[in-house]
Structures are given as C-alpha cells and as structure tokens.
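Before any comments, here is the structure.
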Amino acid sequence: MLGLKKLGLVKSAIIGTLLLGASFNSLATTSEDYEKALRAYNVSEYDEAYIHLKNSLQKDPENLAAKILMGRILLINGYLVAAEQEFTEALSMGADINLLAEPLGNTWLFLNKYKDITEFNQTEKLSGENKRDWLQITATACVRLEDLFCAKSEYSKILNDYPTHVPAMNGLASIALQQDNPDLARNYISRAEAIDSENAITWRLKGQLAYLEGDTQSATEFLQQALTFNREDPIALRNLVDLYLQAKDYDRARLFVAEIIEDTPNDPLAILLNSWLESRQAEEIIDNEKLEQLNEFMAQLSPELIASQPMLLYISGLTNFFNNNMEKAAKDFSSYLQQESDDIQAVMMLSQVYLATQQYKQALILLEKHQTALLENPESALILGDLFIRQNKAFKAERLLQRLELRYPDNPKLQLFKIKLMAARGKQQEALAILDNSFEQNKGNSSFLFAYSLMHLQAQDFEKSLLGARLLTEMFPDEAEVYNLQAGILIRQGKLEEAKQAIEKALSLNPTHFPAKFNLAATYSRLGDIDRSNTLVEELLTLSPQHIETLLLKAFNASRLGQNNEAKQLYLDILVISPANVAARQRLVTMYQNEGDLSTALYHLDRLLKDNFDNPDYLLDKASIQISMRLQNEAQKTLNIVQNFIAGDAPRLVKFSNLNLQLGNDEQALDAIREAQKSAPNSNFIALSRVRLLLQLDKLSEAEALLNTLAGKQKDNPNYWHLKGQWLSATDKDDEAIDAYRKAIALDPRYAQPFIALYNYALQASYVDIFISEARAISQSDPSNLLARNLLAQYLFFTRNFDEAMPMYAALVEEPNLLNPAQAYNRLAIMALEDSLEDAAAYITKAYALSPTSPDVLDTYGWVKAQQGAYEESLKLLRDAFSRNAKNPNIRYHLGYTLAKMGRIEEAKEELDFAVNIERPFFMRPQAQALLDSL
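Position in the sequence shown (first residue = 1) + 19 = my numbering.
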C-alpha cells in the first residue's frame, strides 16, 4: 500500500473511468464467483468483489476476464505492484489492449515507471477514447521524464481528435509555463476555463501563471481557489507554502506543511521544510537526527523527489556507493554535480564510482574538467595522471606532471608516476620501426623478442609476431609461456589445430598455466567441442571466478548449446564486474533483440554508444530498434547522426535506405540506395534492392528503366522476375505480370512472394484458374511445400468451397511442420457445422487444446457449445474470446445469441447492436439483425 491515505488520490483519479455499466458485464465468465464479483464491482463493493475474484482465480488461474477485473480492483485499492502483475499477465495471455491500456498506464504512472509507458509498443489497436486516454497517460509520463517535446506531441494529438479536452489543454499550459511562455499558457488556460470553470488544475495553473508574472497576490487567491475544488492537490499546497515563505508568513506556511505531511507522511521535502521551520522557531539549525531520518527514507523515495533537492541526491549517492550500487550512485552524483558543479568532494566520489566499475574514460572526462582544482591535492591529481596514461594521453600526463613538480618537488609519488609515464611514451608505428631496424642485432635478447612479438601482434602483423614467438621457443624450449604466446598468435590467424598443439606443449610443461588452459578452452569451443571446452572453463573459474575472458567464453558456449537464459545472465554478471566490457554488451544486444525484448536491447546499445558514439553499426541497429518500438522521432535523430559515417559504404547504405523507408523518408531512402549503387555498381543485390524501393514508392518509370538494364543478365534470377511482375501489375499489365510471377515460380517453386501474388489475384476473383493450377501443381510435385497447400485450402475456405477445402485441411493437420494447426482445426470445425455438430465439436476440441488463448478458436468453441445448448459453457468461452478481441463482430453476435438463449435480453441487445452496426465486412450481419429485431 502506498502512503496516500489508503491511496485516496489514486481512487479519485481513476474510479470515474473504471465504473462500468452493462458493457463490462460482457467480460464475465460463467463462474458463479466471477458473476458475484462483477455484480459487487459494479456497485463499488470492491472488498466483496475481491473475495469472489480470488475464489474464481483459485479455481481457474487462466481466467482472463477475471484477471482483468482483479487488476482493476487491486489498482483501486492501491496494490499497485499486484495490479501491474495482473495487467501484464493478462496482456501476455492475449487480452484486448483497449481493455487494459488505461488502467495499466495509470498503474505505471503511480509506480513511476515512465519509461515503461513511453516505450510501450502494443497500442496500435487502440481506438476512440481508449486511444485518447493512453495519449494523456503518455504525455504525463513524458512530462515526468522532462521530455517536453514528447509531451506536447501527445497532448496535441488529443486536441486534434478532441478539441475540447480540458486535461490536454491544461497539460499544454503547464508545458508553456515550464518553457517560460506566459502568453501561450494564458491562451490554453483561458480555453480550458471556458469549458470547465471549476477545474482545480486549471485554477492551479492560473496561480502559477500569476506567480510567473510577479502577481503574488493573485497567485495566492487562484491557488486557494484551486484548493476549494480539490483540497488534496499537493502541488497547489506546495505552491502556497512557497508564497507564504516568501511573504515570511511562517505560521500559515507551517499550517500548509502540516497538511502536506498528513496527506503524504513520507514526503522528504515536507519533512525538510518542517525541520527548517521548527529550527527558525527555536533559533537552531537542522540537527543530525533530522538528516538521519531523511536518510532512512531514501529507499522509499521516488526519483523525482530525490532529483528535486541536491542534498537528497548527494545522500542517495553516498548510500548507493556504500551499498555497492554503483550504477545508481553514478546517476545520483552526476545529477548532483549538474546543480553543484564545483563540489570537488562530489567530483572525487563520482570518479571513485567510475573507477570501481572500470569506466576509465568517464572518470578521465570528469577529472580532466576539474584538473585545476585537483592540483590542490597531489593524490587526487595523480589519479587523473594514471587515467591519462591508461587512455594513451601521455602528453597530457607529462604536462600534469610538470605542474605537480612545480608545487610538490619532493613528493616521492611523483617520481613513481614519472617512471610510469616514461614506459607509456612512444607511438606504435615508430616503435615498430625501431623494433624492425633493431631486430638482427637484438634477436638474441629475450626481452626484445617479447616486445617485438607482442607489439606486432597488437598491430595484427601475424607473420612478424610469429617469428618472434618461434625464436623465443628456440631460446626457451622448456618455458610454457613462449608456447602459449605462439598459440595465441595462431588462434588469431585461425590456425586452430596448430594452436592446439602449441597449447598442449605448454601444458605439458606447466599443467597449471592459466593462459594456456584458457587458450585451449577457446580452441575447443571454436572447433565445436563444447563439452571439453566447458570442462576447462570450470577449472579456470575455480582458480579465478571473475576472469572476464573465461566468463565470456562460458556465456558463448551456453548460447551455442541453446541455453540462452544462462548465457544472458553470464553476460550480465560480466557487466557487473566490468561495466565497460564491449563484447558482453554486444552479445546482449543481439540476444535481447532476437527475443523481442527491444527496450533492454536498446539500453545495452546505448551503453555501447557512450564509449563509441560514431560506430555506424551501433547507430543503424539503434535506429532499427527505435523504429520497432515506434519511437520515430528518436529513430530520425539517430539516422541523422549515422549519415555522417557511412559515405561510400554500400551495405550500410542499403540498411540506411530501408530504415528511412520505414520512417516515411522516401527521398532519403532513394538517395541512399543510389549512393550504394554508385559505390558497388556491379552488385546485383543492390540493383534489385533499388528496383524494389522504386516500386514501393510508385516510381514506375525509373523502376522500368532499371529493370531493362538488368534484363539481359538476370533472366535466371527469380527475384528479377518477381520484381518484374510487381512492376507489370502496378502498370495494369496483369496478363504479363502473371507470366512473370509464373517464371519466378518455375525457377524456384519454393519462392513464396510470387506465389502469394497469384493468391492475392485469386482473392480478387482474377486468374483464379491459374492460381489453383499452380497451387495444385506445386502441392503434387512437392507435398512438403505447406505454404502452397495452405494457401490453396485457405482460398477455398474463404470462397466457401467447403467440399474441396475440408479434405485439404484434414490432410494438412496431419503434417508435423504445419505452421498453425489450431487455425486448420478451427476452420475444419466451422465447415463441419454445416453438416455435423458432432464433427465440429471434435475438431474445435483439438483446436482449443492447441491454442486455448486464440480468440477465433474460443469464439468457434463457444458457438459450437451454444449450438449444443450448453449456454453456460458457451458464455464462459465467448467472454474469454471477447477479452482478447473486443471488437470482433462474430464474437459479439455469438455472445448476443447465447445471452438471448439464457434470457439476459438487455445484455443480448447490446452485443447484437454492436455487431449489426460495425463498419466492417461481417458475413453474419443479416442473422444478427434478424435476432436483434426478434428481441
């Protein structure tokens, strides 16, 4: 439970939108417990409803309608985490988003999960007021994330469809105030007040506007008026407190602070302000006890509250640092320094966080910014010096040393640093040249050979590196290290068997040699012998549990064995030890993206870009993920950046073109594909990609010209004939298009796209004989081509040729690789209803066993039960179907029929009225209308 007076604030915000009339009754199941819960809910008896729902879900945990209603009751009663769990589980079970978006969004708002709202990508099916409510929720989340551009966009979308929507006007007014635009704010406030003169938020905004313009008297009056409409508005209360403090009216300020604490007892700002007011009265400053009390609250505070006070940020940073929560500590100290930029103690604390997490580059940037202040403390300054060396900035390290020597000439630590710096000086190419020129006279010097081999290995000059390693093995035939060095070079060259021999020699000399064991484990992995690799990995981790390279290898092996969850956890463990590890993050991006967890993939990709901001592959992948998440504005910004880094790179330009096309940037997509073709003029793939793009953009003349240039050398390419067919179809040359598609199919009978093109023609009653002929020919010559067989059966089903479709589907359901057998059984059930209710029941039972959450299967199953006279069972199934697809007219018709049979006439009329008036094709409309008229 939240500390908001039994969450009264939540209740007042959402109960109005949750009280449902008869339409919500259609969510119920036939469970007696559920029906009791529904009746209790509709008369606001939430505790009673909760008890009945708990009983219902204990009997049937998969009851989708019950889960949705349970989530709503939990939300009203303030159990936010539990409500979130019910809503998200309902979504994962296939609930209709129109039923969940508003309560789930409100839950996330109260839980401060604003990113969850803005990154939620399952809203494309929202419509009407459901869409409006979600836009309002998203705008609120954007405001709390301080993304005002996003918030303005969402509010504006609302006003485009609902020009008199006061909450959107108030939202835009609030943004205008934040952006110091009083005229625009006044305009929105006036419009809102004209529509609703008793809106508390509008009056509060009037008060804030008056304050912005220096009219404190009017501001006070307007805020007091706002509180007459909503006494529990904490923002208005705080605004009034600020005004009273400015006026030094401490008695009235203390009165309002007491009200804030009464409503939100854990509000640290109110506690801090109250302490300050008490100290003024007692002529004392805030004591340590108050600060300790505040510190105890840190775990309970929202990020917004902490961010609002520098002192809270610093305390939060220290707390997280001592609890080893480095990521949060870094955020807290960074936010603190944005407000208190000269606090050198906070600078050093943040640098310690970065160093503890091996974020050396971030530590360097931070300390270099404060270099002058660091000179006051040589130990702190030398931390910066070490970072200069680590980041190959020896010149800066030299200058820092010179400044320190002037101040502290006798400090012994500076002499140690000078030795480090001397070792770090020198440029690679110059050093390599010196090594090469000195090779003959020094090839008997082991130290020289080690340096020679290692530096050439770093430069990827494997031959010279291997030469040095082999000379070392001749010099030290009994030293494991030299054989391991040789093996490392051979592994980099891909000569795995030779590498294995060198490693085995090293281990024969020193069985416990850690680097050699690691190289052998890596070699076994590359050779596909995962079991032997893993055996060595476990031995290595026993010796060194946090050895990064070994952990990476273990994760890689797990992924090769299909153990993806274990692999991901290993990569995450690596990042705890070494947050800057690129390899682990790259693998996590790929794995999360493949699993569809795009927000997590994007998080890790952003972390990679922090240290490699101009990496074109990272940026292209980021734009692709953002588009998939429907973050179009962010994706456009990413593409604007990556464009600077891919000139002349044909493969990346093709990807860049495709991403621009997805964003609707047609000209940019065309420009990119043209540049790609110029960079790779002989690439057939890129040429055909350009044709495909031109066709998508309806640039038929350009597509024709390019196709003509390819005709001579692409006659045997099915992709060419498919694109040719698309162009002919677009230019109304359907006969020739059909011929082109058939040529593509003749070249590759398993090429899906041209066959699907013939299918689409047939659905429009064109070239039906050709489609059926091709489909039958492919099905007979290659029975394993399930696409051809499925589309033929589907066409016959849609055209209600059940006599031919039924045996085809009956054969398809026997195929082990059929993509969607539940759909096939469902269609068999629908067709069987024409002649045999018993057969229909048998088919739909199989469909339900395969896909018990499919709304189509549930609908058919419920309809079969209704035909059997089992109306209670029918209603249970149809309620579940509705929960997953609330706007399907077949479901609503079947619900109306069943409710009518049960004597629930008013509910039946509501369902039938929806079905007959829906503005989309509905085959059973006449039957639904007849039934409605009969009632």
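C-beta atoms are modelled at their ideal positions from N, C-alpha and C, and glycine is treated no differently.
Keep in mind that this is a model prediction, so the values were computed, not measured.
Separation of residue j from residue i, as counted between CA atoms
i: residue 396; j: residue 350; result: 25 Å
i: residue 855; j: residue 864; result: 14 Å
i: residue 790; j: residue 720; result: 28 Å
i: residue 647; j: residue 346; result: 27 Å
i: residue 468; j: residue 521; result: 18 Å
i: residue 585; j: residue 557; result: 15 Å
i: residue 664; j: residue 812; result: 50 Å
i: residue 288; j: residue 97; result: Legend: pLDDT at residue 288 = 49, less than 50; position of this residue unreliable, no value from coordinates given.
i: residue 502; j: residue 488; result: 8 Å
i: residue 368; j: residue 335; result: 12 Å
i: residue 660; j: residue 638; result: 8 Å
i: residue 145; j: residue 174; result: 16 Å
i: residue 389; j: residue 363; result: 8 Å
i: residue 110; j: residue 69; result: 20 Å
i: residue 513; j: residue 684; result: 43 Å
i: residue 456; j: residue 462; result: 11 Å
i: residue 439; j: residue 458; result: Its pLDDT being 45, under 50, residue 439 is placed unreliably in this model, and the value from its coordinates should be taken loosely. Looking at the two C-alpha atoms, the distance is approximately 25 Å.
i: residue 826; j: residue 850; result: 11 Å
i: residue 382; j: residue 611; result: 29 Å
i: residue 168; j: residue 781; result: 47 Å
i: residue 217; j: residue 199; result: 25 Å
i: residue 951; j: residue 230; result: 60 Å
i: residue 943; j: residue 675; result: 47 Å
i: residue 55; j: residue 82; result: 15 Å
i: residue 411; j: residue 386; result: 16 Å
First through last residue of the alpha helix (DSSP H) which encompasses residue i
i: residue 925; result: 924-936
i: residue 239; result: 235-248
i: residue 822; result: 821-831
i: residue 587; result: 583-596
i: residue 737; result: 737-749
i: residue 653; result: 651-661
i: residue 874; result: 874-886
i: residue 389; result: Residue 389 -> no alpha helix (DSSP H), and no H or E assigned at all.
i: residue 55; result: 51-61
i: residue 427; result: Neither: residue 427 is in no alpha helix (DSSP H) and is coded neither H nor E.
i: residue 707; result: 703-715
i: residue 623; result: 617-630
i: residue 534; result: 533-545
i: residue 912; result: 908-920
i: residue 219; result: 219-231
i: residue 483; result: 481-494
i: residue 359; result: Element bounds for residue 359: n/a, residue is neither H nor E.
i: residue 461; result: 458-461
7 Å Cβ cutoff met for residue i and residue j
i: residue 525; j: residue 540; result: no
i: residue 878; j: residue 839; result: no
i: residue 917; j: residue 890; result: yes
i: residue 393; j: residue 400; result: yes
i: residue 184; j: residue 177; result: yes
i: residue 669; j: residue 695; result: yes
i: residue 181; j: residue 192; result: no
i: residue 573; j: residue 589; result: yes
i: residue 601; j: residue 620; result: no
i: residue 844; j: residue 832; result: yes
i: residue 238; j: residue 223; result: no
i: residue 688; j: residue 679; result: yes
i: residue 549; j: residue 579; result: yes
i: residue 905; j: residue 876; result: no
Residue i beta carbon near the ligand FMN (any heavy atom closer than 6 Å)
i: residue 142; result: Absence of the ligand FMN from the depicted structure is noted, as is the absence of any ligand whatsoever, leaving it without description.
Okay, do the stretch 548-563 and the stretch 589-600 touch, 3+ Cβ pairs below 8 Å being the bar?
no
Would you mind listing the alpha helix (DSSP H) stretches within the stretch 787-811 that are 4+ residues and don't spill past its ends, in chain order?
787-800
For the structure I just gave you, are there three or more beta carbon pairs, one from the stretch 732-751 and one from the stretch 696-714, closer than 8 Å?
yes
Uninterrupted alpha helix (DSSP H) stretches inside the stretch 57-105 (no shorter than 4 residues):
Inside the stretch 57-105, DSSP marks whole alpha helix (DSSP H) runs of 4 or more residues at positions 65-78 and 83-95, from first to last along the chain.
How about the stretch 113-120 and the stretch 144-163: do they share at least three Cβ pairs that are nearer than 8 Å?
yes
Do the stretch 757-764 and the stretch 737-745 touch if we need at least three Cβ pairs shorter than 8 Å?
yes
Examine the Cβ distances between the stretch 893-903 and the stretch 128-144 and report whether three or more of them are shorter than 8 Å.
no
Contiguous alpha helix (DSSP H) assignments of at least 4 residues, all confined to the stretch 761-790:
771-782
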